[in-house]
Amino acid sequence: MATAINPLPKGWDNLPGAEYVVHLDDDSFDKVIKGGTPVLVMFYTSWCGHCKEMKPAYSEAALKLHNNKSPSSIAALNSESNPDVTDLYKIQSFPTLKFFDKGKFVQDYRDARTSEAIVSFIKSVEGTRVAKKKD
């Protein structure tokens with residue numbers, strides 16, 4: 065489901081895997097979230113140091129998920145440019161990562177800011193999703 069954006073948003077260019085991060089805005093957010101593909105969304109700002117530090121690992125996680133043909137997507141939303149969605153989810157600190165499935169918020173991501181931890185989290189949530197389908 066990755067959508068190529070050319071050029072990539074500032075701060076994402078030159079990051080391996082950034083082309084597999086779905087870059088959202090207030091207009092596209094609902095369509096992507098309700099699209100049927102589970103998605104982890106990073107809410108970020110340009111001035112946030114932790115966001116800048118996390119972008120390479122987040123992009124690398126997107127690449128790993130793409131290469132492993134994961135049913136989940138990784139997305140990002142610049143909260144400065146997109147206040148409507150940011151306000152709707154009461155985002156007050158950055159980066160904030162939220163996992164959505166079938167248009168609904170599932171849970172926050174609060175683990176390490178490494179590609180390995182992000183991929184592991186998504187795989188664990190995917191496992192829960194598969195188990196629920198079998199019930």
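According to the numbering used here, the sequence shown is numbered sequentially starting from 65. All C-beta atoms in this analysis are idealised placements derived from N, C-alpha and C, irrespective of residue type, glycine included.
CA-CA distance, residue 100 to residue 166, rounds to 5 Å. Between the alpha carbons of residue 104 and residue 137 lies a gap of roughly 6 Å.
In the three-state reduction of the DSSP assignment, residue 160 falls in the strand class. With fewer than three CB-CB distances shorter than 8 Å, the stretch 166 to 175 does not count as touching the stretch 124 to 141. Where residue 168 is concerned, the enclosing beta strand (DSSP E) starts and stops at 168 to 173.
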